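Colleague:
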Amino acid sequence: MRSAGRRYSKSDFCMINSLDANVGIATFTIRTNSHMAKKIILSTTNDISTDNRVHKVAMLLMQLGFDVHWVGRALPNSLPLDRPYRTSRMRLFFAKGGLFYAEFHVRLFLFLLRHRGAVLVSNDLDTLLPNYLASRLYKTALVYDSHEYFCGVPEIQGRWVKKVWLAVERAIFPRLKHIWTVNESIADLYEKDYGIRPSVFRNISPKPSAFAPKSRAALNLPENRRIVINQGSGMNVDRGLEEAVEAVAGMDGWLLLLVGSGDAIPGLKEKVQREGWQEKVLFIDRMPYDQLLHYTATADVGLSLDKDSNINYRFSLPNKLFDYIHCSTPVVTSRVVEVKRIVEEYNVGLTVHVENILALQRSIAAVAEHSDAYAPGLKRAQEELSWERESMPLKNFYGQFL
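In structure tokens, the structure reads:
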């Protein structure tokens, strides 16, 4: 694991590589004058390199003057990191399931014990228990950022593991003082469950600064075909990917880009191979965010097709919707609550019933054909739906800990 980003002057000192023998976390630590700043530790179970929400928060905290340290886990295909704040990535023996979470919780707790006095930021329910225990032990501030309605995700429905996570949530959530979530609909759910309303900051992308999109030729993409894109690190079941593949496979002159990773990708690759659709669908591995935006900007249409198959997806508001908006790419989306509200309020595309393949095909074609009609809405959305505006309450909130 390494953490890097800015150039350091002679006033900075003691650059060391280390391996924390107690918890097995590889770290690259740069000790600078920031050791005088208030320390804050952000925890996630996912790969640091692709979590843009937490990266935005980390950058904001660093700008406020915190000494930021983000701890996550290393995966076999983890991308290299180039960050201006400190990071640590655990190399775990187990990759998923109960043993993974048990190992992660123990090692994260041991890690937090070595950082007494730090403000702790727990991202999602699967990091909350060790953060809560450490905060109680050291009587330090704990902030909980729930990126989704965790106990509503489809992967745990009807399984004993849901009972475990519900037990953790019910034991800790009512005791928390500082809670954030991603939209008002999910805040409504938590308020209904616990009588506590989280504060909200939406997962809005920052405006690309001095962004000059690469040409299709530079990206090795065809110039003579229209392109529709679906992107992200959560390409899982019930997110409309199967329907997107089937729809675009039946559209002459179109190419579907699936950029990212997720549980649904292996099955989709098999289907594309089996049906002979290799010329219609292009799979591209996940990549750093700034590189991803070049593909977003070159597309004619962006897709966000979460199905209303569970309560978490029903109220989802994916980061990619704002990526499309800030890259001036009109959209075709499903009609889940929060996404539909944005699309219709700003007129940045069309909504559709995902299961209706013919309607999906017609909507994709219509949005591309009439893209000029969505330009004014995209421009207004870019101005009003900005990370700079959305982050103002966060700045005021975290300022109390300095």
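Number 134 in our numbering belongs to position 123 of the sequence shown; there are no gaps in the numbering.
Think of the CB as a built atom: it goes at the ideal place given N, C-alpha and C, for glycine as much as any other residue.
Bear in mind that the values here come from a model prediction, so they are computed numbers and not experimental data.
1) What whole-angstrom Cβ distance do ASP135 and PHE161 have, given they're in contact under 8 Å?
2) Going by beta carbon distance, what residues of the same chain come within less than 6 Å of ASP311, once the five residues before and after it are set aside?
3) For ASN73, name the three-state secondary structure that DSSP assigns.
4) Between the stretch 174 to 183 and the stretch 136 to 143, can you find at least three pairs of beta-carbon atoms closer than 8 Å?
5) Can you list, in chain order, the residues of its chain whose CB lies under 7 Å from that of LEU86, leaving out five sequence neighbours each side?
6) With DSSP as the reference, please indicate the residues paired to ASP156 in a beta bridge.
7) Exposed or buried, which one is ARG325 when buried takes at least 16 other CB atoms within 10 Å?
8) With the cut-off set at 8 Å, would you say ARG250 and ASP317 are in Cβ contact?
9) Could you say if the stretch 360 to 373 and the stretch 185 to 203 meet the contact criterion of at least three C-beta pairs nearer than 8 Å?
10) On a Cα-Cα basis, can you pick out the residue from LEU131, GLN302, GLY83 and GLU159 that is closest to LEU148?
11) Going by C-alpha distance, which of LEU304, ARG97 and VAL211 is nearest ASP78?
12) Given a cut-off of 8 Å on the beta-carbon distance, is the pair VAL343 and ILE375 in contact?
13) Can you give the Cα-Cα distance for TYR409 and LYS188, rounded to whole angstroms?
14) What residue from LEU153, ASN247, ASP93 and VAL270 has the CA that sits closest to SER54's CA?
15) Taking C-beta to C-beta, are LEU396 and PHE333 nearer than 8 Å?
16) With ALA308 and CYS338 assumed to form a contact (beta carbons below 8 Å), what rounded beta-carbon distance in angstroms separates them?
17) Flag this pair as yes or no: are the beta carbons of LYS454 and LEU266 separated by less than 8 Å?
18) Buried or exposed for MET246, going by 16 or more other Cβ atoms inside 10 Å?
19) Which residue comes first and which comes last in the alpha helix (DSSP H) that contains GLY171?
20) Whole angstroms is fine: what's the gap from HIS158's alpha carbon to VAL65's?
21) For LEU405 versus LYS49, is the C-beta spacing smaller than 8 Å?
22) Taking Cβ positions, are PRO165 and SER345 nearer each other than 8 Å?
23) By alpha-carbon positions, which one of GLN411, LEU389, GLU195 and GLU399 ends up nearest to SER216?
24) Just to confirm, are LEU230 and HIS305 a CB contact at a threshold of 8 Å?
25) Is it true that the CB of GLU355 sits closer than 8 Å to the CB of ASN194?
26) Can you give me the Cβ contacts of ASN44 inside the same chain, cut-off strictly under 6 Å, excluding the 5 residues immediately before and after it?
27) Specify, as a first and last residue, the run of the alpha helix (DSSP H) that VAL363 falls within.
28) Might you give, ordered along the chain, the residues of its own chain that have their beta carbon closer than 8 Å to the beta carbon of HIS46, omitting 5 neighbours on each side?
29) What are the start and end residues of each continuous alpha helix (DSSP H) run of 4 or more residues lying completely inside the stretch 195 to 264, in chain order?
Modeller: So, from the data block:
1) 6 Å
2) Cβ neighbours of ASP311 beyond the five flanking positions: ARG237, ILE238 and ALA379.
3) A small fix is needed here, since residue 73 is Met in this sequence, not Asn. Of the three classes helix, strand and coil, the one that applies to MET73 here is helix, per DSSP.
4) yes
5) ASP58
6) ASN134 and TRP191
7) buried
8) Cβ atoms of ARG250 and ASP317: closer than 8 Å.
9) no
10) LEU131
11) ARG97
12) yes
13) 13 Å
14) LEU153
15) Cβ distance < 8 Å, so LEU396 and PHE333 count as in contact.
16) The pair is a contact, with the Cβ atoms about 4 Å apart (cut-off 8 Å).
17) The structure shown does not extend to residue 454, since the chain spans only 12 to 413, so no value can be given for it.
18) buried
19) Here residue 171 is Trp; the residue named in the question, Gly, does not match the sequence. Looking at the DSSP string, the run of the alpha helix (DSSP H) that includes TRP171 is 171 to 183.
20) In a straight line, the C-alpha of HIS158 is about 10 Å away from that of VAL65.
21) Judged by their CB atoms, LEU405 and LYS49 are not nearer to each other than the 8 Å cut-off.
22) no
23) The shortest Cα separation from SER216 among GLN411, LEU389, GLU195 and GLU399 belongs to GLU399.
24) yes
25) no
26) Low confidence applies to ASN44: its pLDDT is 46, below 50, so where it sits in the model is not reliable, and the reading given next is rough at best. Contacts found: none.
27) Counting along the chain, VAL363 falls outside any alpha helix (DSSP H), and DSSP gives it neither H nor E.
28) Below a pLDDT of 50, predicted positions are generally treated as unreliable, and HIS46, at 49, falls in that range; the measurement from the model is reported next regardless. Within the same chain, HIS46 has close Cβ partners ASP78.
29) 195 to 205 and 252 to 260
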